[in-house]
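Asks: Chains as they are written, first to last, in the working numbering: chain E, 5 to 249; chain B, 49 to 231; chain X, 16 to 622; chain P, 27 to 325; chain W, 3 to 382. All C-beta atoms, glycine included, are put in the ideal place defined by N, C-alpha and C. Can you keep this structure in mind? I'll have questions shortly.
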Amino acid sequence: MSNELENIPIRQELEVLQSGQKRTNPLANVFDGLVKFCRSRSMFMLHYCTGCGAIELPPAMTSRFDMERLGIQPMVTPRQADILLITGYVSIKTLKRIILTYEQMGSPKYVIGICSCTVNGGMYWQSYATAKVLRDYLPVDVYIAGCMPRPEAVISGLRELMEDISSGRAESWKKYYQHYDYYLGNQQKLFGEDWQTPTDIIAEARHYDLMTEHTLGEHTALLEKHQKPLEALEMRLSVKDKQKV
Amino acid sequence: MSKELNIWLDNLLSDIESVQFQRRNSRRVRVDVGSEALPALLELLQGRASYVHLSAITCVDWIEDGQFELVYHVWSYETRSLVSVHTRIPRDPGVYLSIYDLYQPAAFFERDIHEMYGLYFEGSPDMEKFILTEWNGPPPMRKDFDGEAFVNEHFHWEQYHPQWLKDLEEEGGGITVRPEDVR
Amino acid sequence: MPDIPYKDKGSILGPLKTLGFFARRPVTEPFEPRPAADSYRGFHVNDWEKCIGCSTCQKVCDNAAITMVKIPGLPEDPVLGVRNERPAIDYGRCCWCGLCVDICPTGSISLTTEYVHVCRENELDSYFVLPDPNGIHGKHFDKGWDKTADADLVDLHQQPMGEVEPQQRDDNFDEIVHGFTSQQAIIEASRCVQCGMCHESCPTHMNAPEYIRAIWEGNAEEAVRQIYRSNPFSHVCGRVCTRRCETACSIGRRGDPVAIRWLKRYAMDAVSDERIREIAAEGKVDYISGKKIAIIGAGPAGLTAAYDLVKKGHDVTVFEALDKPGGMTRYGIPEYRLPYDRLDADVEVITSLGVTIQYNTRIGRDIGMDVLERDYDAVVVAIGLQQGRSTRIPGSDHKQVRKAVKLLRKITQGKPFKVPRTAVVIGGGNVAMDIARSLARLQKQQYGEVRMTVAALEDFDHFLADPEEVTEAREEGVVILDSRGPKQCLVDENGKLIGLATLGVVSIFDQDGRFAPRYDDSDEQVHQADMVIESIGQMTDVSLFGDELTERLEWNRGRLRVDENGRTSEPWLWSAGDMVFGPDVVHAVADGHRVAAGIEEYLGVKQ
Amino acid sequence: MSPGELIIELFLMPLVAFVVGLGMVLMYRRIGARIQRRVGPPFFQPIYDIIKLYGKHTQISHGLIHEIGIIMAVGGYVAAETLLPVPGMSGLADKGGVVTLAYVMMIPSLGLALGVGQCANPNGSIGISRALTAMLAYDIPFILVIFGAAYVYGTTNLADIIAIQQQQGPGGWGIVQMPLLALAALLSLQGIMGKQPFEIYIAPAEIATGPMVEMSGKFMGGLFVMQCFQLYTVGVLYTTLFLGGGEYWLTFLPKIFSVVAIPMMIAFVFPRYRTEDVIRLLWKWPVLIALTGLAVVLR
Amino acid sequence: MRPENYQAKNHPPSHEFELNFGPNHPGIEGNYAFKVKLNGDTVLSARADGGYLHRGFEKLMEGRLWIQNIALVPRICVPDPVPMEVCYSLAIEELGGLEVPERAQWIRVMQLEMSRLAAHLFAFGGHAATTGMYTTMFWGVADRDLILDRFEELTGGRVYSIYNIPGGVRREVPDGFLERMSSLLDYLESRLPDYDNLFFRNQVFIKRARDVGAMTQEQALKWGVTGPNLRATGLAFDVRRDDPYLVYDQLDFEIPTEPGGDALSRNLVRRSELKQSIRILRQVIERLPSIRGPIRCPIPNPLAWNVPAGESYTRVESSKGELAYYVVSTGGDKPYRVHVRGPSSMHAVQVLENLAVGSRLEDVAQIMFSLDACPPEVDR
């Protein structure tokens with residue numbers, strides 16, 4: 005953890021900034037509507053148990069509550085997934101992987117914060133090992149309350165998300181690009197200033213025309229300063245015979 | 049069964065000095081032993097008395113005494129009893145001998161104690177971090193590490209300000225006692 | 016145990032049997048959330064009528080999820096132990112363990128069967144909820160996890176207090192109550208949930224939660240230290256306090272309150288008198304201010320003021336008309352309730368700090384007020400209520416119609432008087448009980464039998480005396496009659512008092528709440544008596560002021576008018592204790608502190 | 027057939043195949059749901075998935091070869107559809123033949139191999155090597171079956187094969203004529219479709235869906251489309267060879283759906299074999315059956 | 003858009019390469035990581051990496067009151083939380099000298115066995131899923147859910163029941179609960195043949211799981227294996243019988259063993275234990291109505307409860323193996339030290355690493371699931 009942590013930022017409400025242009029072609033609007041509808045009806049969920057709330061996902065997925073009725077399927081890699089369920093507390097070690105995973109998911113992507121722990125630390129608020137307020141690090145679309153929420157609550161949350169997607173409200177993934185500096189800053193505060201991920205968010209923001217004045221800032225400058233040729237995330241695993249004396 | 053237990057414990061006492069034992073019930077025995085005699089005692093327990101299963105190694109930080117207490121819980125499948133061997137070692141420099149050559153499960157426990165307490169075990173096969181690989185702070189389970197203070201220093205909390213609270217504040221009410229205040 | 020035939024080599028086609036499920040109905044539940052089980056732990060509701068804002072839920076919450084919020088408009092009454100605060104719950108912390116429900120002293124908080132709450136990122140404020148009876152979304156859901164007797168974590172029963180059996184106690188003045196053993200005290204102290212209601216309701220705001228905690232921790236000295244922060248009459252208060260705290264105690268909402276008085280007594284008894292003196296002396300300034308203060312009356316109010324002022328380095332002299340200190344605590348309270356050596360111990364603490372008490376010095380007779388005004392920087396009058404009120408019924412001027420206060424004083428002083436064979440006490444307060452029980456003891460000693468009657472105006476539902484006093488008095492053979500209004504004292508032709516006639520009470524107060532008893536004339540009883548004792552209240556004797564000062568002072572319905580600091584209209588004169596505020600020890604102590612603080616402020620200004 | 031008609035057919039046949047394939051995907055998921063005692067996805071779920079995947083904002087490409095690989099994978103099947111005669115349309119069936127079809131059906135796997143190789147994900151590489159090994163395994167019995175069928179019908183032309191069977195009525199269907207070969211074909215069908223127990227190459231629990239591991243957006247959508255085509259192709263091929271092909275859509279559709287339903291049902295009640303077990307099994311039983319069948323027909 | 007700004011690594015010309023399992027991987031139980039070095043399909047070396055679920059439980063518990071920790075402990079093992087509560091409560095009861103009423107002991111046994119049933123259904127469901135047999139998982143989890151319904155009814159919580167507190171249990175058994183439990187047991191029993199047909203007698207599965215991750219009894223003892231995994235090597239050891247707690251010594255049950263020591267045997271042991279748990283539950287249902295009395299002994303006010311100084315080591319047989327709590331009290335209102343010996347701390351690290359070496363890539367996930375290793379127990 006870096007020493008810069010003294011100036012913890014006061015949380016600001018981040019807004020999705022809409023680009024001014026509106027599509028005028030009615031056909032395009034119909035097409036957009038169709039895509040949105042299909043997005044809402046076909047959500048691939050990343051199969052990642054980040055915390056204990058994940059124990060209620062198997063019931064929600066399987067026969068008793070059958071998420072597939074809503075078109076939700078588990079997917080095993082971030083590339084294929086649309087929704088990321090943060091099921092409960094995130095230890096700092098896991099949070100790094102969650103951010104990697106999130107950045108690798110193809111947008112539009114949605115994050116669901118399940119359980120108390122994703123909101124305000126939950127019952128592990130005293131723990132040195134868990135991150136407390138998830139939305140500092142990632143934009144979250146929907147929160148589901150509970151410790152842990154029952155499968156029915158999870159499904160209610162997912163249906164809420166479906167409504168948001170089809171009505172075009174669930175756009176917080178854009179925030180990650182538009183306010184990247186803020187999120188990166190919080191990540192750097194937790195992980196140290198040399199924190200970096202393989203995904204080049206700034207380039208993606210440029211590519212998808214999501215750059216705003218909040219995308220770049222002091223934290224991204226820090227990122228560029230520390231940027232080094234990327235390899236796969238180091239797992240700090242050495243072969244067993246290499247022992248410390 | 050407990051009779052046999054008596055016999056070998058008596059034998060044991062003759063072998064090692066500085067052993068105190070205390071029977072709590074028919075299946076639990078507490079043995080206190082000096083740190084230098086512990087490996088020998090465990091070897092005897094394993095070799096002579098069939099205590100082949102190392103259930104756990106616990107470390108307790110007695111910071112006021114400047115000591116770590118190590119408790120080795122060994123179980124015998126034959127006599128169906130559990131012996132807890134207690135020993136104390138100085139907190140500083142915090143180095144002790146591994147019992148990996150006697151009990152292989154010790155590897156995990158010793159590794160765990162090493163990262164949680166910073167107590168180094170000589171001869172343990174693997175003293176690398178396992179859980180706290182991405183943690184730079186002090187060994188967190190030590191009593192002198194104040195987890196709550198650390199959290200308050202490094203994290204901030206959700207600042208709720210819902211409408212009902214705003215209304216109450218207008219009327220002169222509002223938050224009086226925060227949970228942090230009563231801890 | 017091959018109880019299952021899975022080991023025999025099944026056919027490769029065996030699993031195809033499963034295809035039969037194709038024809039079966041799915042087990043899938045419908046989308047709508049099912050109703051949860053009867054004791055489900057869902058979102059909170061809180062019955063605001065029952066909730067007293069004691070914040071016990073906040074203390075038991077392991078997740079620091081509960082915040083107390085002040086809600087203007089809700090009742091707030093420290094005396095009744097009600098705060099206008101209610102718990103608000105952070106669902107970003109809560110883990111729905113239900114400990115708050117199990118420990119709630121009032122049983123107001125409970126969990127419902129509602130469990131779905133979904134919100135978006137910008138609506139996250141909805142995670143911070145002030146539970147009211149309507150639930151998080153205002154929809155009705157059945158209660159889930161609720162208080163049950165099994166789950167209750169509050170210990171509703173006090174530790175039993177050992178007492179001397181009635182047969183052993185009814186003929187002597189030995190102390191009745193044994194006091195807690197240390198183990199009992201720790202268990203009793205552990206019942207406390209540290210809500211602080213007692214602190215707020217106590218007239219002198221004793222740090223009861225702190226000293227109870229200290230007792231629970233086994234640290235009686237710390238308890239004494241906490242006690243002496245606000246009450247130098249702790250031996251006394253540990254025995255005869257009116258216990259406003261226990262009325263307010265949140266545990267008492269559904270069960271017995273914590274025995275705060277007995278705990279205080281335990282702490283005081285557990286520490287030696289020398290050590291108490293040392294503890295009490297802590298915080299005394301090490302300089303002498305040079306200010307002189309006179310206090311008239313060595314009762315609790317006066318001595319408390321003396322204690323506070325002497326600790327500030329002032330030179331304090333207390334003038335006492337009688338030959339022993341304590342005032343009403345000595346002369347009004349029988350020894351079986353408050354042994355004199357304990358009272359002496361309390362006074363000794365104060366005198367050991369440097370307070371001088373001049374006994375047998377009656378102001379107005381031995382020394383004039385003008386002398387005090389001249390010689391001292393400030394004067395406190397704390398003379399209490401030393402005269403009994405009279406019923407003024409016909410025959411009450413008979414010499415065998417006595418005042419309870421005077422009679423009690425006589426008993427204490429050991430002055431001889433003829434113990435009546437039969438006696439009737441008029442009144443239903445604690446003083447009535449005191450005199451009745453004292454006389455009963457004397458009767459037992461002298462005649463071997465008790466013939467005491469108490470005729471109280473109030474009925475038993477509104478009785479003024481403590482219930483245990485009533486019970487104990489009955490155990491000792493005192494007959495207590497309720498709803499009896501005195502009509503007249505009957506005197507025979509020889510001028511000898513033969514009894515008291517009483518009437519049944521219809522009502523005590525009129526519509527405006529003024530004292531105006533109405534009697535049922537048809538319901539008349541005559542109680543035989545050699546002596547009738549009036550115990551219907553006391554008043555003060557203000558003759559010490561002298562005419563000139565009495566003229567100068569401002570009065571309010573016969574009482575001295577004082578400001579919020581207890582200062583009279585004369586800048587150098589303060590008044591404290593029963594003579595300005597209602598009659599009990601702890602109020603007097605509180606008053607003493609108040610006056611001392613006022614004097615301290617005044618002296619500071621004067622400098 | 028005029029060139030114009032041909033072009034329309036060439037356009038229509040893959041389209042029909044796609045639509046029918048979507049139905050098959052739905053059927054697959056519904057069968058699974060039913061056996062697993064649940065309701066299953068809504069009717070239009072397969073098309074929702076595909077539209078969603080094509081509608082993703084982020085389209086991550088791992089390079090030209092990656093894209094070509096997916097185009098090959100889908101294109102291979104599109105080409106295969108034009109070689110498969112269906113009621114009313116025969117497309118290129120006259121010109122091609124069952125052997126060409128067998129070759130064309132390998133293209134998707136190879137294309138996938140190319141594309142996945144570009145992704146540089148070890149899971150993908152392992153997956154694709156497993157897929158190619160599995161292809162080796164199921165292609166042996168499959169080729170034997172094709173060989174036998176061609177021998178029996180005396181032609182490799184699919185249109186002719188259909189004609190021959192339809193002339194003789196249900197008694198002349200391949201399944202009656204050469205039941206052993208039909209059985210062997212059914213077993214290798216399981217392999218071609220890549221369903222349990224021959225599903226090791228995607229094995230999520232081991233290699234995180236293998237070839238699909240780096241696929242996202244339209245590439246994943248391509249694979250979903252490919253799956254539709256694949257199911258359709260194997261269904262139609264089997265129907266053509268052994269079930270008398272299609273006379274009318276009304277009889278043809280039930281036939282192809284029931285053909286693919288069999289492997290689908292089996293898929294949900296078996297775990298997956300290891301790669302070497304796949305080879306051992308597919309080279310043992312289907313090949314033995316196919317050889318026996320071959321011996322019978324050759325006799 | 004190109005993916006990441008990474009350069010494809012040039013691997014040295016070798017058959018050896020490294021592959022990460024997890025933390026985000028369906029072949030991993032929970033959130034755990036595992037790195038294997040492969041030569042072709044064979045695992046050369048394996049290395050577990052934990053800590054993704056680390057919350058510092060033992061530290062947290064030192065900062066909370068004795069009773070507050072009952073809400074915390076079930077979180078240590080998510081699939082099988084009840085043994086955690088019971089074991090922690092037993093430890094405090096031993097320290098505080100509390101006598102648990104008999105009725106509470108029987109209710110605890112009931113919960114423990116319910117939890118074992120649920121955990122085993124989950125465990126072999128998960129194992130089946132690693133071999134591609136999703137139907138078993140769908141069934142297993144759905145049937146487990148029926149047990150969770152009963153938990154909800156009994157305890158007010160589906161997964162984290164927080165129902166045991168030191169001194170007993172928190173609520174009386176609801177009316178009609180035992181009847182409903184009994185019919186659930188009938189249902190589960192009737193489902194067992196279905197599971198046999200689908201899974202345990204499935205020749206493909208048997209072929210897949212036989213000799214996978216096999217260990218001998220000597221190895222198992224040397225590595226500190228416990229629970230069903232130890233019983234699968236032929237040693238009939240069960241804490242419930244050999245170090246009895248609660249009222250297990252009054253119950254009639256058997257300890258199933260299997261000789262193989264491989265993934266198949268471990269699953270078969272679990273399958274047999276289902277039967278035994280049902281048997282125990284039937285006995286409890288029969289006996290419980292006749293055992294009357296309180297369900298909790300009086301405990302002090304939780305806010306001011308000083309547990310007498312001392313230490314206790316209590317063991318419970320969880321569905322994963324030997325679970326133990328070592329609790330030290332210095333006479334304060336909070337524990338001085340709590341050490342959780344999760345059964346998986348052996349299985350998920352050492353045993354898994356040892357068994358993985360020499361196995362095949364496709365079996366690594368199977369080994370982990372067949373050991374029923376539960377990462378939160380390791381990370382704590």
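Going by beta-carbon coordinates alone, are aspartate 105 of chain X and proline 210 of chain B separated by less than 8 angstroms?
Replies: What you label residue 105 of chain X is simply residue 90 of the third sequence in a count that begins at 1. What you label residue 210 of chain B is simply residue 162 of the second sequence in a count that begins at 1. For aspartate 105 of chain X and proline 210 of chain B, no; Cβs fall outside 8 angstroms.
Asks: Classify valine 230 of chain B as helix, strand or coil using the three-state DSSP reduction.
Replies: Working through the second sequence from its first residue, we reach residue 230 of chain B at position 182. DSSP places valine 230 of chain B in helix when its eight states are reduced to three.
Asks: Expressed to the nearest angstrom, what Euclidean distance is found between the alpha-carbon atoms of phenylalanine 168 of chain P and alanine 130 of chain W?
Replies: In the fourth sequence, the residue the question calls residue 168 of chain P occupies position 142. In the fifth sequence, the residue the question calls residue 130 of chain W occupies position 128. Using only the alpha carbons, I get a separation of about 30 angstroms.
Asks: According to DSSP, is methionine 16 of chain X helix, strand or coil?
Replies: In the third sequence, counting from the first residue as 1, residue 16 of chain X sits at position 1. Since pLDDT at methionine 16 of chain X reaches only 39, below the 50 mark, its modelled position is unreliable, and the value read off the structure follows with that caveat. Coil, per DSSP.
Asks: What's the C-alpha gap between glycine 592 of chain X and alanine 313 of chain X?
Replies: Within the third sequence, residue 592 of chain X is the residue found at index 577, counting from 1. Within the third sequence, residue 313 of chain X is the residue found at index 298, counting from 1. C-alpha separation (whole angstroms): 11 angstroms.
Asks: Taking the alpha-carbon positions, what's the tyrosine 250 of chain W to leucine 283 of chain W distance?
Replies: The residue you call residue 250 of chain W lines up with position 248 of the fifth sequence. The residue you call residue 283 of chain W lines up with position 281 of the fifth sequence. Those two C-alpha atoms are separated by around 11 angstroms.
Asks: Hey, out of W:Ala306, W:Leu357 and W:Asn356, whose CA is closest to leucine 168 of chain X's CA?
Replies: As a working mapping, residue 168 of chain X is identified with position 153 in the third sequence. Residue W:Ala306 is the option with its Cα nearest to leucine 168 of chain X.
Asks: I need the boundaries of the alpha helix (DSSP H) containing histidine 122 of chain W, first residue and last residue.
Replies: On the fifth sequence, residue 122 of chain W is found 120 positions in, with the first residue counted as 1. Segment 104-132, the alpha helix (DSSP H) holding histidine 122 of chain W.
Asks: For histidine 101 of chain B, collect the residues of the same chain with a Cβ closer than 6 angstroms to its Cβ; drop the 5 residues on either side in sequence, then sort them by chain order.
Replies: Taking the second sequence and counting its residues from 1, the one referred to as residue 101 of chain B is at position 53. Here the set comprises Trp123.
Asks: Quick check on this structure: which residue in W:Leu190, W:Arg268, W:Asp188 and W:Arg273 has the alpha carbon closest to the alpha carbon of alanine 222 of chain W?
Replies: Taking the first residue of the fifth sequence as 1, we reach residue 222 of chain W at position 220. Nearest C-alpha to alanine 222 of chain W: W:Arg268.
Asks: Do you know how far the Cα of valine 370 of chain X is from the Cα of tyrosine 322 of chain X?
Replies: As a first step, residue 322 of chain X must be located in the third sequence, where it is residue number 307. As a first step, residue 370 of chain X must be located in the third sequence, where it is residue number 355. Cα to Cα, the separation comes out at about 7 angstroms.
Asks: Would you call leucine 307 of chain P buried or exposed, if buried means 16 or more other Cβ atoms sit within 10 Å of its Cβ?
Replies: Against the fourth sequence, residue 307 of chain P aligns to sequence position 281. With 16 or more Cβ atoms within 10 Å of its Cβ, leucine 307 of chain P is classed as buried.
Asks: Alpha carbon to alpha carbon, how far is phenylalanine 334 of chain X from lysine 459 of chain X?
Replies: Translated into positions along the third sequence, residue 334 of chain X becomes position 319. Translated into positions along the third sequence, residue 459 of chain X becomes position 444. The alpha-carbon atoms of phenylalanine 334 of chain X and lysine 459 of chain X are separated by roughly 37 angstroms.
Asks: Check the Cβ-Cβ distances between proline 112 of chain E and every residue of chain P, and say whether any is below 8 angstroms.
Replies: Locating residue 112 of chain E in the first sequence gives position 108, where the first residue counts as 1. Yes, because at least one Cβ of chain P sits closer than 8 angstroms to the Cβ of proline 112 of chain E.
Asks: Do asparagine 137 of chain X and cysteine 109 of chain X come within 8 angstroms of each other at the CB atom, strictly closer than that value?
Replies: Stepping through the third sequence from its first residue, residue 109 of chain X is reached at position 94. Stepping through the third sequence from its first residue, residue 137 of chain X is reached at position 122. Contact flag unset, no.
Asks: Evaluate glutamate 155 of chain W with the Cβ neighbour count: other Cβ atoms within 10 Å of its Cβ, from every protein chain shown; 16 or more gives buried, anything less gives exposed.
Replies: Counting from 1 along the fifth sequence, the entry for residue 155 of chain W is found at position 153. Its Cβ being crowded by 16 or more others within 10 Å, glutamate 155 of chain W is buried.
Asks: By DSSP, does glutamate 218 of chain B sit in helix, in strand, or in coil?
Replies: For the purposes of this step, residue 218 of chain B is taken as residue 170 along the second sequence, with counting starting at 1. Note: glutamate 218 of chain B maps to helix in three-state DSSP.
Asks: Count the other C-beta atoms from every protein chain shown that fall within 10 angstroms of the C-beta of threonine 182 of chain P, then say buried if there are 16 or more, exposed otherwise.
Replies: Within the fourth sequence, residue 182 of chain P is the residue found at index 156, counting from 1. So threonine 182 of chain P ends up on the buried side.
Asks: Is the CB-CB distance between leucine 194 of chain E and alanine 135 of chain E below 8 angstroms?
Replies: Taking the first residue of the first sequence as 1, we reach residue 194 of chain E at position 190. Taking the first residue of the first sequence as 1, we reach residue 135 of chain E at position 131. Contact flag set, yes.
Asks: What are the residues that DSSP puts in a beta bridge with methionine 467 of chain X?
Replies: Sequence index remark: in the third sequence, residue 467 of chain X carries index 452 (1-based). For methionine 467 of chain X, which the question treats as bridged, DSSP gives the partners X:Ala438.
Asks: Quick check for students: name the residue ranges of the beta strand (DSSP E) that lie wholly in the region 542-570 of chain X, counting only runs of 3 or more.
Replies: Segments of the beta strand (DSSP E) lying fully in the region 542-570 of chain X: 546-549.
Asks: With burial defined as no fewer than 16 other Cβ atoms inside 10 Å of the residue's Cβ, what is the status of histidine 329 of chain X: buried or exposed?
Replies: Taking the first residue of the third sequence as 1, we reach residue 329 of chain X at position 314. With 16 or more other Cβ atoms within 10 Å, it is buried.
Asks: How about glycine 58 of chain P and isoleucine 91 of chain P: are their beta carbons less than 8 angstroms apart?
Replies: Here residue 58 of chain P corresponds to residue number 32 of the fourth sequence, with the count starting at 1. Here residue 91 of chain P corresponds to residue number 65 of the fourth sequence, with the count starting at 1. No. Outside cutoff.
Asks: At the 8 angstroms Cβ level, is proline 48 of chain X part of the contact set with chain P, yes or no?
Replies: Numbered from its first residue, the third sequence carries residue 48 of chain X at position 33. It does not: the Cβ of proline 48 of chain X has no partner Cβ on chain P nearer than 8 angstroms.
Asks: What are the complete beta strand (DSSP E) segments, minimum 3 residues, inside the region 245-322 of chain P?
Replies: For the region 245-322 of chain P, not a single whole beta strand (DSSP E) run of length 3 or above is found.
Asks: Express the C-alpha separation of cysteine 504 of chain X and glycine 410 of chain X in angstroms, rounding to a whole number.
Replies: Here residue 410 of chain X refers to the residue found at position 395 of the third sequence. Here residue 504 of chain X refers to the residue found at position 489 of the third sequence. Going from the Cα of glycine 410 of chain X to the Cα of cysteine 504 of chain X covers about 5 angstroms.
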